[in-house]
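Undergrad: Sharing a structure here in structure tokens format.
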Amino acid sequence: MAQPRDRSPLSGAEQLLDAGMLDQIRLGWRLLRDSRVPWIKNVIPAFAALYLISPIDPIPDFLIGLGQIDDLGILIATTIATVRWLPRLAPQAVVEEHLADIHGRPAAAGAETAEPDGPTYEGRYRLRD
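Just so we're aligned: 89 in UniProt numbering is position 89 of the sequence shown, and the numbers increase by one with no gaps anywhere.
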């Protein structure tokens with residue numbers, strides 16, 4: 001008896017890419033959306049967006065086929081740059097937290113997560129009338 005076919009959108013991509021590459025892409029996407037990662041993370045996608053909407057291209061877009069190849073190349077290059085550089089720019093604790101979540105294991109008990117507003121202090125207090 002034949003097994004049912006997987007109809008998920010990434011079923012073919014998962015066969016082409018190894019698990020490590022998919023984990024890198026997931027990590028890059030999570031870090032891109034995380035507010036604890038420095039502002040520099042927005043430079044790479046902003047560059048890609050500016051290039052794609054810019055009327056000045058090395059190969060004009062009115063040349064059907066050829067004009068879109070350079071745009072596709074920029075998209076691929078910025079995706080690779082995001083996946084490779086973003087984990088190096090992000091705080092190590094944030095990267096480890098996302099990797100633990102991707103692999104389905106709990107975050108390390110002793111790991112401190114970076115707070116966006118600074119450290120949190122806990123203490124006891126007492127109110128007097």
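Just so you know, even glycine gets a beta-carbon here, dropped at the ideal spot from N, CA and C.
#1: What do you get for Q92, buried or exposed, if any count of 16 or more other CB atoms within 10 angstroms of its CB means buried?
#2: Under a three-way DSSP split, which group does T78 fall into?
#3: What's the C-alpha gap between P106 and P58?
#4: Using the three-state DSSP reduction, which class does R88 fall into: helix, strand or coil?
#5: Taking contact to mean 3 or more Cβ pairs, one atom from each stretch, closer than 8 Å, check whether the region 44-55 and the region 118-128 are in contact.
#6: How many whole angstroms separate the CB atoms of L27 and H98, which I take to be in contact at a CB cut-off of 8 Å?
#7: Return yes when the Cβ of I74 is within less than 8 Å of the Cβ of Y51, no when it is not.
TA: A quick look at the data gives this:
#1: exposed
#2: helix
#3: 48 Å
#4: helix
#5: no
#6: 6 Å
#7: yes
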